[in-house]
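To keep things clear, I will list the structure first and then write my remarks on it.
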Amino acid sequence: MQQGTLMRKVKSKSWKKQRYFKLQEDCMTIWYQSKRTGKTESAFSISDVETVREGHQSEVLQSVAEEFPPERCFTIVFYGRRGNLDLIAGSAEEAQCWVQGLRQLIEPRFFPLTFPLVSCTWIRDWFQKADKNKDGRMNFKEVQRLLKMMNVDMNEDHALRLFQDADKSESGTLEGEEFVLFYKALTQREEVLSLFREFSEDGKKLTLLELVDFLREEQLEDEGTEELAMKLIDKYEPSETARARHVLSADGFLMYLCSLEGSIFNPQHRALWQDMSQPLCHYFISSSHNTYLIEDQIRGHSSIEGYIRALKRGCRCLEVDCWDGPNGEPMVYHGHTFTSKIPFREVVSTLGKYAFKVRHPSPGAGDCGWSSVGEDTCAEGSWSCWPQAVPDPRGQGPWKHWVAQGASLSRTPQELKHKILLKGKKIGRLEDTLDGPGDEAPDVSDDDNGAEAEEERRRAKEGSQHGSALQKDKETLAQALSDCVIYCKNVPFRGFQEARSHSRPSEISSLSEAKARKLIRDEGNEFVRHNAWQLTRIYPSGMRTDSSNYSPQEMWNVGCQIVALNFQTAGMEMDLCDGLFSQNGCCGYVLKPPFMRDEETLFNPSDPSSREGPGPITLTIQVISGQQLPKVANSKEGAIIDPLVRVEIYGVPADQAHQETKYIDNNGFNPRWDETLQFQIHVPELALIRFVVEDYDKTSRNDFVGQFTLAFANIKPGYRHIHLLSKDGTSIPPSSLFVHIRITE
Numbered sequence: 001m002q003q004g005t006l007m008r009k010v011k012s013k014s015w016k017k018q019r020y021f022k023l024q025e026d027c028m029t030i031w032y033q034s035k036r037t038g039k040t041e042s043a044f045s046i047s048d049v050e051t052v053r054e055g056h057q058s059e060v061l062q063s064v065a066e067e068f069p070p071e072r073c074f075t076i077v078f079y080g081r082r083g084n085l086d087l088i089a090g091s092a093e094e095a096q097c098w099v100q101g102l103r104q105l106i107e108p109r110f111f112p113l114t115f116p117l118v119s120c121t122w123i124r125d126w127f128q129k130a131d132k133n134k135d136g137r138m139n140f141k142e143v144q145r146l147l148k149m150m151n152v153d154m155n156e157d158h159a160l161r162l163f164q165d166a167d168k169s170e171s172g173t174l175e176g177e178e179f180v181l182f183y184k185a186l187t188q189r190e191e192v193l194s195l196f197r198e199f200s201e202d203g204k205k206l207t208l209l210e211l212v213d214f215l216r217e218e219q220l221e222d223e224g225t226e227e228l229a230m231k232l233i234d235k236y237e238p239s240e241t242a243r244a245r246h247v248l249s250a251d252g253f254l255m256y257l258c259s260l261e262g263s264i265f266n267p268q269h270r271a272l273w274q275d276m277s278q279p280l281c282h283y284f285i286s287s288s289h290n291t292y293l294i295e296d297q298i299r300g301h302s303s304i305e306g307y308i309r310a311l312k313r314g315c316r317c318l319e320v321d322c323w324d325g326p327n328g329e330p331m332v333y334h335g336h337t338f339t340s341k342i343p344f345r346e347v348v349s350t351l352g353k354y355a356f357k358v359r360h361p362s363p364g365a366g367d368c369g370w371s372s373v374g375e376d377t378c379a380e381g382s383w384s385c386w387p388q389a390v391p392d393p394r395g396q397g398p399w400k401h402w403v404a405q406g407a408s409l410s411r412t413p414q415e416l417k418h419k420i421l422l423k424g425k426k427i428g429r430l431e432d433t434l435d436g437p438g439d440e441a442p443d444v445s446d447d448d449n450g451a452e453a454e455e456e457r458r459r460a461k462e463g464s465q466h467g468s469a470l471q472k473d474k475e476t477l478a479q480a481l482s483d484c485v486i487y488c489k490n491v492p493f494r495g496f497q498e499a500r501s502h503s504r505p506s507e508i509s510s511l512s513e514a515k516a517r518k519l520i521r522d523e524g525n526e527f528v529r530h531n532a533w534q535l536t537r538i539y540p541s542g543m544r545t546d547s548s549n550y551s552p553q554e555m556w557n558v559g560c561q562i563v564a565l566n567f568q569t570a571g572m573e574m575d576l577c578d579g580l581f582s583q584n585g586c587c588g589y590v591l592k593p594p595f596m597r598d599e600e601t602l603f604n605p606s607d608p609s610s611r612e613g614p615g616p617i618t619l620t621i622q623v624i625s626g627q628q629l630p631k632v633a634n635s636k637e638g639a640i641i642d643p644l645v646r647v648e649i650y651g652v653p654a655d656q657a658h659q660e661t662k663y664i665d666n667n668g669f670n671p672r673w674d675e676t677l678q679f680q681i682h683v684p685e686l687a688l689i690r691f692v693v694e695d696y697d698k699t700s701r702n703d704f705v706g707q708f709t710l711a712f713a714n715i716k717p718g719y720r721h722i723h724l725l726s727k728d729g730t731s732i733p734p735s736s737l738f739v740h741i742r743i744t745e
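Numbering (full-length UniProt numbering), first residue to last: 1 to 745.
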């Protein structure tokens with residue numbers, strides 16, 4: 001990694017300023033300063049960096065593509081909502097030096113993440129912040145400041161004792177290993193040591209048999225327990241001597257509990273673990289609304305970044321609203337509003353790069369609205385960017401067989417790997433695709449998609465003015481794009497009875513959230529049955545101009561597959577979405593429970609007894625402690641949080657519940673609750689559990705600190721750590737909760 005490199009920081013085509021970039025000696029911080037003034041403008045931690053993209057992979061760098069070759073360009077992408085940093089190096093060699101160097105530095109933070117790595121990163125970050133005079137040492141005054149920054153309100157005498165015990169050189173300052181000793185004393189986990197001693201005969205180590213007993217009795221591991229115990233010792237025991245004797249020390253025990261294997265999330269369910277050979281309608285599918293928007297619905301910014309973020313989050317159904325642009329070039333934006341615009345070709349190019357980067361290259365769906373002039377351009381752009389993924393309108397290749405026989409069939413994610421399905425209007429029936437244009441007029445759903453509805457009105461008007469011949473020509477002009485629509489033909493919803501009599505599995509209807517709620521209330525069982533054989537898409541109300549979200553849970557309760565949310569808006573609704581789709585390899589597909597895949601099911605979410613299977617289960621959660629909780633954003637200097645934990649259950653109406661612990665005064669570093677919460681869950685197959693940490697405030701609304709959400713099916717019982725996420729869904733290591741989970745029938 002080079003240091004003090006002169007590069008161009010780019011904000012727009014006309015704003016390109018030269019800055020010196022330098023990696024500090026701690027290998028954890030990068031600062032940059034103005035070439036002209038020499039003043040340091042900003043600095044950021046390596047821990048804030050999510051990824052590095054090479055070439056023209058941002059709108060800003062695309063705008064200067066003719067001026068600077070892709071080999072010199074790269075983009076630093078940060079976690080959360082911080083804007084990207086677009087840079088142009090002086091040469092391709094310099095660019096590669098920074099790209100590869102940054103990737104090496106951020107790589108250790110990717111899952112699976114070991115506790116020592118997280119701790120070391122976290123220690124270095126805080127040391128740098130507290131070392132005001134940058135002399136590499138920390139006096140007691142700086143340590144006191146550090147404790148406040150770390151959310152610790154500690155008695156001054158106790159803090160001084162810890163400081164003096166760690167000051168082995170008796171210099172009055174801490175440096176290097178001395179600060180590590182201070183940190184270890186500060187982070188002593190009495191609740192974990194107490195648990196360790198319960199199973200350790202001598203209180204110093206766990207033998208192989210003692211560890212097996214712990215895994216069976218507390219962690220409820222019932223298969224291959226001895227092999228698992230050996231694996232954990234080899235992986236987490238820091239002492240080479242202890243590993244050779246097949247024993248686990250207290251440090252190794254803590255490292256296991258803080259690891260992937262010690263997480264509340266079943267590690268086997270992080271991989272692709274579900275059957276992917278069921279029809280598409282048998283899966284919940286991660287879906288976004290107006291994906292191109294990264295702000296509000298009226299004046300918000302449209303950006304390819306919206307598509308990149310959604311796809312990296314596991315989204316499989318994206319929305320592309322195409323409107324006429326200059327010179328017949330289609331543009332993507334929210335029609336009849338003041339949102340900015342993106343060229344359609346940039347969108348399909350971006351989707352081509354990122355659509356199948358998930359672990360399982362499951363099919364993606366494009367929910368497309370378009371206007372007529374650019375329709376064949378849209379089709380041409382789709383084929384050129386996705387030659388193997390989108391159907392050839394001539395019916396060539398593997399699609400030919402499927403088009404010929406597929407009207408009554410429902411394909412599976414396994415069959416459709418590496419394919420992109422377009423949802424939209426279609427001229428005629430599916431079978432007509434091979435035979436040329438049909439006479440049937442395009443169908444229009446009851447979606448509030450401005451482009452679709454407006455275009456149909458315009459076509460009808462033009463047809464009356466210019467005659468049927470011109471209308472036929474316009475339909476013929478759009479034939480190429482119509483032929484791209486195969487398994488997601490958009491049809492209006494006219495009731496469940498009408499759909500059962502006349503619709504096909506290859507068709508899909510879109511419903512507003514309000515209409516869906518009415519159907520849930522009036523015809524819950526019919527809705528579940530309908531979704532067992534046909535896809536349904538739900539979209540937000542047009543009144544949500546601020547890009548707020550509705551709760552997806554009530555739509556999942558009746559089996560709606562494509563529940564479209566505004567991915568740019570953080571909150572409980574997106575936490576539920578991330579929580580459901582964080583399983584199964586994050587592929588964006590989650591198999592619905594068996595009673596929601598049966599077309600004759602009796603299940604109705606308003607009546608849990610209609611579910612076939614065992615009775616309700618009891619979920620018991622002992623909230624034991626928290627570790628290194630973050631401070632509230634924009635809080636006053638020196639402020640320390642008063643944390644409480646709330647556990648929320650989302651599912652069928654009978655299962656909706658929440659309980660919370662008491663709050664702990666002035667301790668965000670290592671609070672202890674030791675409180676037990678208990679819930680009865682009637683339909684666990686649909687339940688999501690959300691753990692929320694808040695800063696208690698008796699005079700106003702509590703402030704958000706962190707959260708973690710997961711499906712009930714993914715819970716591992718026993719003593720587990722819950723690794724908290726920020727409001728944007730990004731990890732905030734090493735912040736966590738320590739809990740004990742029991743599930744009984």
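No residue lacks a Cβ here, since even glycine has one placed at the ideal position from N, Cα and C.
* Asked: When DSSP builds the beta bridges, which residues end up paired with Val49?
  -> Position 49 of the sequence shown, counted from the first residue, corresponds to residue 49. Answer is Phe78, bridged to Val49.
* Asked: Between the Cα of Lys11 and the Cα atoms of Leu87, Glu67, Glu71 and Val77, which residue gives the shortest distance?
  -> Working through the sequence shown from its first residue, we reach residue 11 at position 11. Comparing Cα positions, the closest option is Leu87.
* Ser169 to Gly176, Cα distance in whole Å? -> Counting from one through the sequence shown, the residue named residue 169 turns up at place 169. Counting from one through the sequence shown, the residue named residue 176 turns up at place 176. Between the alpha carbons of Ser169 and Gly176 lies a distance of about 11 Å.
* Asked: Excluding sequence positions up to five away, which residues of its chain have a Cβ less than 6 Å from the Cβ of Glu191?
  -> The residue you call residue 191 lines up with position 191 of the sequence shown. Cβ neighbours of Glu191 within its own chain (closer than 6 Å, five residues either side excluded): Ile624 and Ser625.
* **Proximal residues to Phe78 (C-beta, below 8 Å), its chain only, five neighbours per side dropped** => For the purposes of this step, residue 78 is identified with residue 78 of the sequence shown, where counting begins at 1. Counting only Cβ-Cβ distances below 8 Å, and skipping sequence neighbours, we find Phe44, Asp48, Val49, Glu50, Asn84 and Leu85.
* Going by beta carbon distance, what residues of the same chain come within less than 7 Å of Phe581, once the five residues before and after it are set aside? -> By one-based count along the sequence shown, residue 581 stands at place 581. Here the set comprises Ser286, Gly314, Gly588 and Val590.
* With distances taken between CB atoms, is the gap from Asn584 to Leu272 smaller than 7 Å? -> Position 584 of the sequence shown, counting from 1, holds the residue named residue 584. Position 272 of the sequence shown, counting from 1, holds the residue named residue 272. For the pair Asn584 and Leu272, the CB atoms are nearer than the 7 Å cut-off.
* Asked: Can you list, in chain order, the residues of its chain whose CB lies under 8 Å from that of Ile342, leaving out five sequence neighbours each side?
  -> In the sequence shown, residue 342 corresponds to position 342, counting from 1. Counting only residues of its own chain and dropping the five nearest sequence neighbours on each side, Ile342 has a CB closer than 8 Å to the CB of Glu59, Tyr292, Ser302, Ser303, Ile304, Met331, Val332 and Tyr333.
* Using beta-carbon positions only, say whether Pro608 and His721 come within less than 7 Å of one another. => Sequence index remark: in the sequence shown, residue 608 carries index 608 (1-based). Sequence index remark: in the sequence shown, residue 721 carries index 721 (1-based). No, they are not a contact pair.
* Is Asp598 helix, strand or coil when you go by DSSP? -> Along the sequence shown, read from residue 1 onward, the residue named residue 598 stands at position 598. Residue state, collapsed to three classes: coil.
* Quick one, are the C-beta atoms of Ile617 and Pro684 less than 7 Å apart? -> Against the sequence shown, residue 617 aligns to sequence position 617. Against the sequence shown, residue 684 aligns to sequence position 684. A contact, by the Cβ cut-off of 7 Å.
* **One or two residues paired with Pro643 in a DSSP bridge** => On the sequence shown, position 643 is the one that residue 643 refers to. Note: Pro643 sits in a beta bridge opposite Asp695.
* Check whether the region 648-656 touches the region 685-694, taking contact to mean three or more Cβ pairs, one atom from each stretch, closer than 8 Å. => In short, these stretches touch, since the Cβ pair count reaches three.
* Whole-angstrom distance between Arg103 and Thr730, CA atom to CA atom -> Taking the first residue of the sequence shown as position 1, residue 730 is located at position 730. Taking the first residue of the sequence shown as position 1, residue 103 is located at position 103. Distance between the alpha carbons of Thr730 and Arg103: 18 Å.
* Would Pro671 pass as a contact of Pro630 if the rule is Cβ separation under 7 Å? -> The residue you call residue 671 lines up with position 671 of the sequence shown. The residue you call residue 630 lines up with position 630 of the sequence shown. Not closer than 7 Å, so no.
* Are the beta-carbon atoms of Arg537 and Ser512 separated by less than 7 Å? -> As a working mapping, residue 537 is identified with position 537 in the sequence shown. As a working mapping, residue 512 is identified with position 512 in the sequence shown. No, the Cβ-Cβ distance between Arg537 and Ser512 is not below 7 Å.
* In the DSSP assignment, find the alpha helix (DSSP H) that holds Arg309 and state where it starts and stops. => Taking the sequence shown and counting its residues from 1, the one referred to as residue 309 is at position 309. Annotation: the continuous alpha helix (DSSP H) that includes Arg309 extends over Ile304 to Lys312.
* Label Lys423 either buried or exposed according to how many other C-beta atoms from any shown protein chain fall within 10 Å of its C-beta, with 16 as the threshold for buried. => In the sequence shown, the residue the question calls residue 423 occupies position 423. By the neighbour-count rule (16 or more Cβ atoms within 10 Å), Lys423 is buried.
* First and last residue of the beta strand (DSSP E) that includes Gly706? -> Working through the sequence shown from its first residue, we reach residue 706 at position 706. Counting along the chain, Gly706 sits inside the beta strand (DSSP E) bounded by residues Asp703 to Ala711.
* What first and last residue would you give for the beta strand (DSSP E) that runs through Ile715? -> Locating residue 715 in the sequence shown gives position 715, where the first residue counts as 1. Bounds of any beta strand (DSSP E) do not take in Ile715, whose DSSP letter is neither H nor E.
* Cβ-Cβ distance between His336 and Asn566 below 7 Å -> Looking up residue 336 in the sequence shown gives position 336. Looking up residue 566 in the sequence shown gives position 566. Cβ atoms of His336 and Asn566: not closer than 7 Å.
* Relative to the C-alpha of Phe196, which residue among Lys417, Glu675 and Thr207 is closest? -> Taking the first residue of the sequence shown as position 1, residue 196 is located at position 196. Across the set Lys417, Glu675 and Thr207, the C-alpha of Thr207 shows the shortest separation from the C-alpha of Phe196.
* Given a cut-off of 7 Å, decide if Lys515 and Lys426 are closer than it, judged by their beta-carbon atoms. => What you label residue 426 is simply residue 426 of the sequence shown in a count that begins at 1. What you label residue 515 is simply residue 515 of the sequence shown in a count that begins at 1. It is not a contact, given that the beta carbons lie outside the stated cut-off.
* Entirely within the region 164-193 and at least 4 residues each: give me those alpha helix (DSSP H) ranges in chain order. => Whole alpha helix (DSSP H) segments, 4+ residues: 177-186.
* To do: Kindly give me the distance between the Cβ atoms of Thr569 and Ser547, rounded to whole angstroms, as I take these residues to be in contact under 8 Å.
  => The residue you call residue 569 lines up with position 569 of the sequence shown. The residue you call residue 547 lines up with position 547 of the sequence shown. The Cβ separation is near 5 Å, so the contact holds.
* So, do the region 692-710 and the region 233-252 have three or more beta carbon pairs nearer to each other than 8 Å? -> Short answer: they don't touch.
* Can you tell me the Cα-Cα spacing of Phe68 and Lys13, whole angstroms? -> One-based indexing of the sequence shown puts residue 68 at position 68. One-based indexing of the sequence shown puts residue 13 at position 13. Taking the straight line from one Cα to the other gives about 11 Å.
* To do: Enumerate, from N- to C-terminal direction, the unbroken alpha helix (DSSP H) stretches of 4 or more residues contained entirely within the UniProt domain "PI-PLC Y-box" (481-597).
  => List check, alpha helix (DSSP H) in window: 496-502, 513-530, 553-556 and 572-581.
* Hey, Ile294 and Tyr354: beta-carbon distance below 7 Å or not? -> For the purposes of this step, residue 294 is identified with residue 294 of the sequence shown, where counting begins at 1. For the purposes of this step, residue 354 is identified with residue 354 of the sequence shown, where counting begins at 1. Going by C-beta atoms, Ile294 is not nearer than 7 Å to Tyr354.
* Beta-carbon contacts of Ala499 that lie in its chain and below 8 Å, excluding the five residues immediately before and after -> Taking the sequence shown and counting its residues from 1, one reaches residue 499 at position 499. Taken in chain order, the residues that qualify are Phe493, Ser509, His530 and Gln534.
* Just the Cα atoms here: how many angstroms apart are Cys317 and Leu311? -> As a working note, residue 317 is residue 317 in the sequence shown. As a working note, residue 311 is residue 311 in the sequence shown. The alpha-carbon atoms of Cys317 and Leu311 are separated by roughly 9 Å.
* Asked: When we look at the beta-carbon of His502 and count the other beta-carbons within 10 Å, is it buried (16 or more) or exposed?
  -> On the sequence shown, position 502 is the one that residue 502 refers to. An exposed status is given to His502, since fewer than 16 other beta-carbon atoms sit within 10 Å of its beta-carbon.
* Asked: The alpha helix (DSSP H) spanning Ser349 covers which residue range?
  -> For the purposes of this step, residue 349 is taken as residue 349 along the sequence shown, with counting starting at 1. That run of the alpha helix (DSSP H) goes Phe344 to Tyr354.
* **Beta-bridge partners of Lys22, as assigned by DSSP** => One-based indexing of the sequence shown puts residue 22 at position 22. Trp31, per the DSSP bridge assignment.
* Find the nearest neighbour of Glu346 within the set Tyr663, Ser42, Leu61 and Lys22, judged by alpha-carbon distance. => Mapped onto the sequence shown, residue 346 falls at position 346. Taking only the C-alpha atoms, the option nearest Glu346 is Leu61.
* Asked: How would you call Asp483, buried or exposed, if buried means at least 16 neighbouring beta carbons within 10 angstroms?
  -> Position 483 of the sequence shown holds residue 483. Burial call: buried.
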